[in-house]
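As structure tokens, the structure follows; a few thoughts come after it.
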Amino acid sequence: MQQLNGSQILCESLLREGVDTIFGMPGGAVIPLYNVLLDYPFKHVLCRHEQGAAHMADGYARATGKVGVCIGTSGPGATNMVTGIATAMMDSVPMVVITGQVPTYMIGKDAFQETDTTGITMPITKHNYLVMDVKDLARVVREAFHIARTGRPGPVLIDLPKDVTTNETTFEYPSKLSLPGFKPKTQGHIRQIRQAARLIDEARKPLVMAGHGIILSEAYDELREFAEKIQIPVITTLLGISAFPETHPLYLGWPGMHGMYYCNMAISHADLIVAVGMRMDDRVTGRLNAFAPHAQIVHIDIDPAELGKNVRTAVPIVGDAKHVLKLLTQEVRDNRHDGWWEQLNQWRVEHPSLALPDRPEKMSSPWIVRQLYHATKGNAVLVTDVGQAQMWAAQHYFFSKPNTHITSGGLGPMGYALPASIGVQYGRPNDEVWCVTGDGGFQMTLEELAVIREENLPIKIALFNNSYLGMVRQWQQLFFNERYSAVKMWNPNYVKLGEAYEIPTVRCTQLDEVAPALEWARQIDGPAMIEFMVDPYENVFPMVPPGASLQETIEGVEDVAPQTAKIAAAAGGSSGGV
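Per the working numbering, the sequence shown starts with residue 289, numbered consecutively.
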């Protein structure tokens, strides 16, 4: 057995957990750890802001299915990572976050850069640790990785006082775990699976709603085999996009606030919904008391806390999506639902949510996304920011390959895409990665361009510049009488900014420039950026207004006033909030 200090023990433990890439930034409390990192074969990616490190680890984890690892120092290093940790928690992303802390004998004395990191992050981590004795460190690392990746994934934080990283002890990595209170159920109860199968067999208007859990459990084949056996329409949540091929004849689209009109109608008229690996988020359901009014719900999720939390469930099944779908497919009968499909196809014809003109009058963001799809033939990985560009990318790029749509869903932090795309590119070095972002989100984390340039990562950036905080402006236009407050943005010259970072950059102001610019960027061996000067008053439709049900989806500006009045009257004069 070896005598090692805490920093060495941490590195040895990370090696045993299969870690190869770490995202972080050094500081006073973690200098001993960074001193030791030089002796180990990890690829360390130096972020320019600790929020970036957390988003990079998040993107790496989503792209690979492995646990993402990031490091920050004490105090501001740790607090800067909070947004990234909360993002991972909301979206069930496996991460281990390592933060420095003041020495154990100074904790509680308001020492320089002391922060109660475990207290701050308790609500936004699956679990966290403050390691007070170096003898506990190897066990804590072993537990942290197990908790992060097992059951419903999530972030785990390890707070390391400086003296714990320098103190020595005998190193022995534990081969067994003792976590009696942590035993996630993955198998699914056969009685409930058979009960669900009988409901599915009897349904005339069934529907699958597939969420992020399909991607996390890699249940792609199981979902497709289940859907094909009973010819059931499949819709995905925003985070479930790319869980099912969008070119498949059974794929309908995605629902909710900016989902397809016909998907919202399908939910509203279905008599059975099989919800798999999703949490019935409000952006999917609309007004809860009007969600799927005619449907019985079969809800499959690995986290029992999600079953019945928001929506009444007829058959709850606790288990891993991959395992449960496999058994469910064996239990259901071959089926067809021709009449149901006729209705769905009629809605698609009457309300073509994704229809675009061959040539719009102005620089149109949805049209540009569609050109990106054609240029890449649907083979790229899109990492999208939050807001209008996120919605347009989800609507108008068709994802046929598994796990190629990566975005923040639950927390929705602007600035996610650029650092996350760095993590995705490290996780999938042979894939074509596009960062799709708006000018508002881009300015929040653009310092990470330095990482892209320093590492010569072949990330392509599609920057949509409308000089507004577009989604907020849209809400102010539609629901606040066009009172535009704090949404008009001054922007730097992004071409010169790209040049300053030594990243080839071009600006597109005309429709004819779009296709050549996309091809130009794709031919560059390294990073490239395209600034698209788009219509500043373009809105995302369809849209479910605030307080509305899915049945009250609007398809354009002309629908806003009558539908809003109808919703307000039904709610007794209140719009029902956002």
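Backbone N, C-alpha and C define an ideal beta-carbon position, used for all residues, glycine too.
Annotation: the continuous beta strand (DSSP E) that includes A563 extends over L560 to V564. Rounded to the nearest whole angstrom, the CA to CA distance from V429 to M545 is 40 angstroms.
The C-beta of Q798 has fewer than 16 other C-beta atoms within 10 Å across all chains shown, which makes the residue exposed. In the assembly as shown, D608 is a buried residue. Its beta-carbon has 16 or more other beta-carbons within 10 Å.
Around the beta carbon of E431, a 10 Å sphere encloses 16 or more other beta carbons of the protein chains shown; the residue is thus reported as buried. In the DSSP annotation of this structure, the continuous segment of the alpha helix (DSSP H) that includes F730 starts and ends at D727 to T733.
Going by C-alpha positions, M289 is about 30 angstroms away from P314. If you draw a straight line from the Cα of R427 to the Cα of E506, it comes to about 29 angstroms. Contact check for Q291 against G703 fails: the beta carbons are separated by 9 angstroms or more. When E638, A750, L644 and I740 are compared, the shortest CA-CA separation from A668 is found for A750. Here M383 carries a strand assignment [DSSP, helix/strand/coil]. Rounded to the nearest whole angstrom, the C-alpha separation of T361 and T454 is 15 angstroms. Using a 10 angstroms sphere on the CB of V586, the tally of other CB atoms reaches 16 or more, which defines it as buried. Collapsing the DSSP output to three states places V822 in coil.
A direct Cα-to-Cα measurement between E819 and C551 gives close to 32 angstroms. Going by DSSP, A498 is part of the beta strand (DSSP E) stretching over P494 to A498. In the pairwise beta carbon analysis, the region 369-377 is classified as not touching the region 736-743: fewer than three pairs are separated by under 8 angstroms.
With a threshold of 16 other beta carbon atoms within 10 Å, V637 falls short and is exposed.
Between the alpha carbons of M369 and A805 lies a gap of roughly 35 angstroms. Around the beta carbon of W680, 16 or more other beta carbons lie within 10 angstroms, which makes this residue buried.
Ranked by how close their Cα comes to the Cα of V822, the residues T664, D570, N753 and F829 have N753 in first place.
Between the region 476-487 and the region 454-464, the count of C-beta pairs closer than 8 angstroms stays below three; the two stretches do not touch.
By a beta-carbon distance limit of 8 angstroms, A708 contacts M344. Their separation comes to about 7 angstroms. For W722, the beta-bridge partners assigned by DSSP are L670 and K748.
Restricted to the region 338-390, the beta strand (DSSP E) segments that are unbroken, complete and at least 3 residues in length are 356-360 and 383-389, listed in chain order. Note that the region 755-772 does not touch the region 708-721; fewer than 3 beta-carbon pairs, one per stretch, sit closer than 8 angstroms.
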